[in-house]
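Novice: This is the structure, below, for whatever I ask next.
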Amino acid sequence: MSFTPLHQHDDDSDREPTDREAFTPGIEPQATWCPGCGDFGVLKALKGAMGDLGYTPEEVLLVTGIGCSGKLSSYFESYGFHSIHGRSLPVARAAKLANPGLEVVAAGGDGDGYGIGGNHFIHTARENHDMTYIVFNNEIFGLTKGQTSPTSPMGHKSKTQPHGSAKAPIRPLSLSLVGGASYVARTAAVNPNQAQEILKEAIQHDGFAHVDFLTQCPTWNKDAKQYVPYVDVQQSDDYEFDHHDRREASEMMHDVEDALHEGEVLTGRFYHDPDRPSYQQEKREHGDVPEDPLAERYHDDDAEWERSYDLMDAHK
Amino acid sequence: MMTGEIVWRIAGGSGDGIDSTSQNFAKALMRSGLHVFTHRHYPSRIRGGHTYVEVRADDQPVRARGDGFNFLLALGDSFARNPKEHAYYGNEQAKPLAENLDDLRDGGVVVYDEGLLDASAIEDFEARAEEHDWHVYPMDLRGMARDQGREVMRNTAGVGVTCALLSYPLEPIEKLMEDRMSGDVLQANLEILEYAAEQADELEHTHDLRMPEGEHDAEQALVSGSNGIAYGAIDEGCRFVAGYPMTPWTEVFTLLSQHLPDMGGIAEQVEDEIAAAALALGASHAGVKSLSGSSGGGFALMSEPLGLAEMTETPLVLVEATRAGPSTGMPTKTEQGDLEHVLYTSQGDSCRVVFAPGNQREAYEQTRLAFELAYDFHLPAIVVYDQKLSGELRNVDAEFFDREPSPDLGKTLTEEELAEAAHYATGTFERFQHDPPEGDGVAPRSIPGQADGRYLASGNEHHPTGHISEDPDNRVAQMDRRMRKLEAIRERLDERESNQERHGAVDATVGVMTYGSNQGTVHEAIDRLVDDGHSVASLSVSDLMPFPEADVREFLDSVETCLVVEMNASGQFRGLVQRELGAYGDILHSLLKYNGEPFEPHEIVEAVEGLGSGDPATASTRYVPAGSD
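Here you go:
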């Protein structure tokens, strides 16, 4: 056996914290994030969350898309898959199905996740795959040098929208909830403590955990609302709602998204359904996935492999 | 020309059970010792419209659809007379009879359902029947079925009549029905079968066609090209399939979806084809042998994950079941127009394996080979075939499939080997080292979760650790290493028995070259030409990338002139040959067919006979002489 079965560590609860610096790569990656970029905040929070939860880099598969956000896998030490624009989710969910012992995190930007990858976003949420999905939301296309994105506010002017965008911004939280995600939160790079706590919850959650991560873009989106002081709705008495209740969460998200358009940044955990079975559990109950992780079977010399000849009777 | 063969065509409307009836009939013939081959024609609609299936049966092996047919069972299109107001169904009542007469051979038999079809609606039917010596038996099949059971069972009545008219025993059909049905349905079908046979026996038989008799040496299985691909994947340890339905790829997808979960595998129907190929890639990266696929339009979407597999050096096996294009084209009609699409789609230089199996056995073998190479060399391998081969059923010795499975993941490192492997600084594994020891360009991989194996698989150009790099020297080293894999694959393939099958005269002066599913048709044509004294041989090519340069060059050097047979309008395969070999433009002639129908052997025979004597094209083919564009 040359493959340590990861699923034996599937229970997170009894882990001891590990050194978060283990998630810092030994190689110096090419610097592609600008000074002051919010993406550093995501990286820091993710390292902290993984360390606090006691993971080792070998157990984590980080799948990223394209853009500044996609470079996260270059700065984070783990098994990494730097895929293509908008496609991190289908790659990630198959890896999780193939080896449920892996702790799978997918990450992308607002163009990547809510634009080109929108279809995958809805369907991954709908199926409630057990993974964490971090969307770096800076309301701009950064790496292509400042075009309007799906989350840019109406009227946003850019080189490709010189007269101002006539499109209302997408509502990622509401979309995620309607899609079927069982954990939906928003946090911001300017609040590292909250970000780390939310990522920890998201990683521990058994189902599709979507974290809309507000990340300031100091180069292309200087007036982004992420600079506005944020409010943590869980810590404020002004925002009473039951985050286990879909309808209340939905209403709250609606308000939060309206507020963002007006410049008020509300963050926190907006929806959490710990009872909805993950896709893998559902499939298992339907007899649709193997009891033991499929990936490990290829390393088991005693595994029995059925043959097509066994199926040939129907053709004779 | 034809000896004792029967080519039985059953015609009707889609949804009338033409497909299942013909499959059962073919299987019964196979079980009783005959060699069978089916050819299917159907429209892109759910119910109604002109559809037929031919079952060719002989005591000798059959490799193709043959030329025309000699027994027509015209059942009528029950959906042509749909009474719903405002629904346009057209006046297609006579089609199952009228549309099928052109290819009916002289001396052939016609049975038509006079309960549904009115032969007098076809203007010159009687005159044509007389001219061609057709023997026509109008039978009220619908009436018989209605009286004995249910109207839909008129297919069974038609089979009963067929058996009686061809002096073929009912037992094999009955046995098959007993395997498939039970209770009242079985009883009614058995009664209809016998009743219809009795009715036909009472008629005066004016024809002299008889079902041939044969005997197999071994147990047979009736399989399609799609079956071959699916079973090849299963035996090569594929336990993960992701797809989106599209004709005709759906056949592979359905079969795997039905079997894999029961075999401890996973099947995923997903939101689109980009996701499907990306899932296959993700599962493969995580250490599971996986497959995805599509047909032309869906495969176009897979262009992105395909290139990603090349750059991240992740094994990926894709199936492309082509049909007539461009765009949606003709969804249920065959074509080989996606060749260049399969070879070159996705940005950058192509670094992939492409096989085009020529028959059911090759579909199985080359799917296994595609997996072997994809996992040994960490690149995408594509099995391209077409609508023709996807649905053609043919008998194959069942024991052909009785082989050991191979769940080998290819070039991976154990945790012990990883502990000793090259790492950078704090422990990143140098997965993409420039000069892996074996010299075949393959840098062995780790599987996520393995200790000491972590690396970044990036779709951007990268350093040995996987980290993004635009350093020019590294770029060239990585590019050269990836391209070197193709040379190593070519060497490995050249050491094996060739996938390029030569057939015909030993010292032929005329060559016929083709690829993929035309193989059997070309072989039949070559046999006829050789029998007629022609000095002709064929080469059927199945390796498309890396291209089998030595095999093809040897063949082309051995002949004076060569006809390249393919099903598309622009001669893509001839173009590939010339691109790869950089010569032979003066001896390569093209025979093209792109009307949605596969070649018939006589079209190739006539083209070869006409070479050098002007334009040898038949009405449904096109000839492009050597030296032209």
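In order, the protein sequence lines correspond to chains A and B. Read the first sequence against the numbering used here and you will find it ends at 316, with the numbers running on by one and no gaps. Read the second sequence against the numbering used here and you will find it ends at 1629, with the numbers running on by one and no gaps. We treat Cβ as the ideally placed atom computed from N, Cα and C, and that holds for glycine.
(1) Under three-state DSSP, which class holds F1599(B)?
(2) I need the straight-line Cα distance from S78(A) to E59(A), nearest angstrom please.
(3) Would you report the Cα separation of H1462(B) and Y75(A), rounded to the nearest angstrom?
(4) Chain A partners of N1460(B), CB-CB under 8 Å?
(5) Would you mind reading off the limits of the alpha helix (DSSP H) that contains P1138(B)?
(6) For the segment 1406 to 1422 of chain B, which residues have a CB atom closer than 7 Å to at least one CB atom of chain A, in sequence order?
(7) Would M1002(B) count as contacting chain A if we go by Cβ distances under 8 Å?
(8) So, under 8 Å CB-CB, V289(A) and I1447(B) are touching, yes? Tell me the CB distance rounded to an integer number of Å.
(9) Output the residue ranges of the alpha helix (DSSP H) runs that lie fully inside the segment 107 to 175 of chain A and measure 4 residues or longer, sorted by chain position.
(10) Please say whether K1411(B) and I1445(B) have beta carbons closer to each other than 8 Å?
(11) Buried or exposed: where does V1476(B) fall if 16 or more other Cβ atoms within 10 Å of its Cβ makes it buried?
(12) When you compare each of D212(A), H261(A) and G86(A) to P169(A) by their alpha carbons, which one comes out closest?
(13) Taking 8 Å as the cut-off, does the segment 1453 to 1467 of chain B touch the segment 79 to 93 of chain A (at least 3 CB pairs, one atom from each stretch)?
(14) With 8 Å as the threshold, decide whether the Cβ of V321(A) is near any Cβ in chain B.
(15) Assess contact between the segment 1362 to 1370 of chain B and the segment 1218 to 1232 of chain B, defined as three or more Cβ pairs (one per stretch) separated by less than 8 Å. Is contact present?
(16) I'd like to know if F1240(B) contacts chain A, where contact means its C-beta is closer than 8 Å to some C-beta of that chain.
(17) Report the three-state DSSP secondary structure of I1006(B) (helix, strand or coil).
(18) Do R93(A) and L1418(B) come within 8 Å of each other at the CB atom, strictly closer than that value?
(19) How about A1094(B) and D1124(B): do their beta carbons lie closer than 8 Å?
(20) Does G1183(B) pass the burial test, meaning 16 or more other C-beta atoms within 10 Å, or should it be called exposed?
(21) Spatial neighbours of R1482(B) within its chain, please: CB distance less than 6 Å, with the 5 preceding and 5 following residues excluded, ordered by chain position.
(22) In whole angstroms, give me the CA-to-CA distance for P1601(B) and E1580(B).
(23) Around the Cβ of Y1344(B), are there at least 16 other Cβ atoms within 10 angstroms (buried) or fewer (exposed)?
(24) Return no unless some Cβ of chain A is closer than 8 Å to the Cβ of G1575(B).
(25) If the cut is a Cβ gap below 7 Å, which residues of chain A does M1263(B) touch?
(26) Any C-beta of chain A sitting closer than 8 Å to the C-beta of L1427(B)?
(27) Going by DSSP, what residue range makes up the alpha helix (DSSP H) through H1132(B)?
(28) Counting only C-beta atoms, is R15(A) closer than 8 Å to chain B at any point?
(29) For a contact defined as C-beta to C-beta under 8 Å, what are the partners of M131(A) on chain B?
(30) So, with DSSP's three-state summary, where would you put G1214(B)?
(31) Give me the Cα-Cα distance between S1390(B) and P274(A), rounded to the nearest whole angstrom.
(32) Since G287(A) meets chain B, which of its residues come closer than 9 Å, beta carbon to beta carbon?
(33) For H123(A), return the contacting residues in chain B, with the cut-off set at a CB-CB distance below 8 Å.
(34) Just checking, does the segment 1301 to 1312 of chain B make contact with the segment 93 to 113 of chain A on the three C-beta pairs under 8 Å criterion?
(35) Say whether chain A places a C-beta atom closer than 8 Å to the C-beta of N1568(B).
(36) Does M50(A) get closer than 8 Å to chain B when you measure Cβ to Cβ?
Specialist: Based on what the coordinates show:
(1) In the structure shown, F1599(B) sits in coil (DSSP, three-state: anything other than H, G, I, E or B).
(2) Their backbone Cα atoms lie some 8 Å apart in a straight line.
(3) About 14 Å.
(4) Within chain A, the residues placing a beta-carbon under 8 Å from that of N1460(B) are H82, ordered along the chain.
(5) From DSSP, P1138(B) is part of no alpha helix (DSSP H) but of the beta strand (DSSP E) over H1135 to M1139.
(6) For the segment 1406 to 1422 of chain B, which is checked against every Cβ of chain A, the residues closer than 7 Å are P1407, L1409, T1414, E1415 and E1416.
(7) Any reading at M1002(B) must be qualified, since the residue scores a pLDDT of 42, below 50, and its modelled position is unreliable; the value itself is stated next. Not one chain A Cβ lies under 8 Å of M1002(B).
(8) About 19 Å; that fails the 8 Å criterion.
(9) 118 to 127, all fully within the segment 107 to 175 of chain A.
(10) Reading off the sequence, residue 1445(B) comes out as Arg, not Ile. Contact flag set, yes.
(11) The residue is exposed, with fewer than 16 neighbouring Cβ atoms inside 10 Å.
(12) Nearest to P169(A) by alpha-carbon distance, out of D212(A), H261(A) and G86(A), is H261(A).
(13) Between the segment 79 to 93 of chain A and the segment 1453 to 1467 of chain B, the count of C-beta pairs closer than 8 Å reaches three or more; the two stretches touch.
(14) No statement about residue 321(A) is possible, as the shown extent of chain A runs from 1 to 316 and does not include it.
(15) The segment 1362 to 1370 of chain B and the segment 1218 to 1232 of chain B touch, with no fewer than 3 CB-CB distances between them shorter than 8 Å.
(16) At least one CB atom of chain A sits nearer than 8 Å to the CB of F1240(B).
(17) Looking at I1006(B) - three-state DSSP - the assignment turns out to be strand.
(18) The answer is no: Cβ separation not under 8 Å.
(19) No.
(20) By the neighbour-count definition (other C-beta atoms within 10 Å, threshold 16), G1183(B) is an exposed residue.
(21) Closer than 6 Å at Cβ, skipping near neighbours: C1351.
(22) If you draw a straight line from the Cα of P1601(B) to the Cα of E1580(B), it comes to about 28 Å.
(23) Burial state of Y1344(B) is exposed, judged by a 10 Å Cβ sphere holding fewer than 16 other Cβ atoms.
(24) By this cut-off, G1575(B) is not an interface position.
(25) Going along chain A in sequence order, the residues near M1263(B) (Cβ under 7 Å) are E306.
(26) A small correction: the amino acid at residue 1427(B) is Gly; Leu does not occupy that position in the sequence shown. Using a Cβ-Cβ cut-off of 8 Å, G1427(B) counts as an interface residue toward chain A, since at least one Cβ of chain A sits closer than that to its own.
(27) For H1132(B), the enclosing alpha helix (DSSP H) covers residues F1125 to H1132.
(28) Using a Cβ-Cβ cut-off of 8 Å, R15(A) does not count as an interface residue toward chain B, since no Cβ of chain B sits closer than that to its own.
(29) The CB of M131(A) never comes closer than 8 Å to any CB in chain B; the least such distance is about 11 Å.
(30) In this structure, DSSP gives G1214(B) a state outside helix and strand, which the three-state scheme calls coil.
(31) Cα to Cα, S1390(B) sits roughly 46 Å from P274(A).
(32) Under a criterion of Cβ atoms nearer than 9 Å, the residues of chain B adjacent to G287(A) are, in order, P1261 and D1262.
(33) Contact note: H123(A) reaches chain B through V1270, E1271 and A1275, using a C-beta cutoff of 8 Å and chain order.
(34) Note that the segment 1301 to 1312 of chain B does not touch the segment 93 to 113 of chain A; fewer than 3 beta-carbon pairs, one per stretch, sit closer than 8 Å.
(35) Closer than 8 Å: no.
(36) With its beta carbon at least 8 Å from every one in chain B, M50(A) lies outside the interface.
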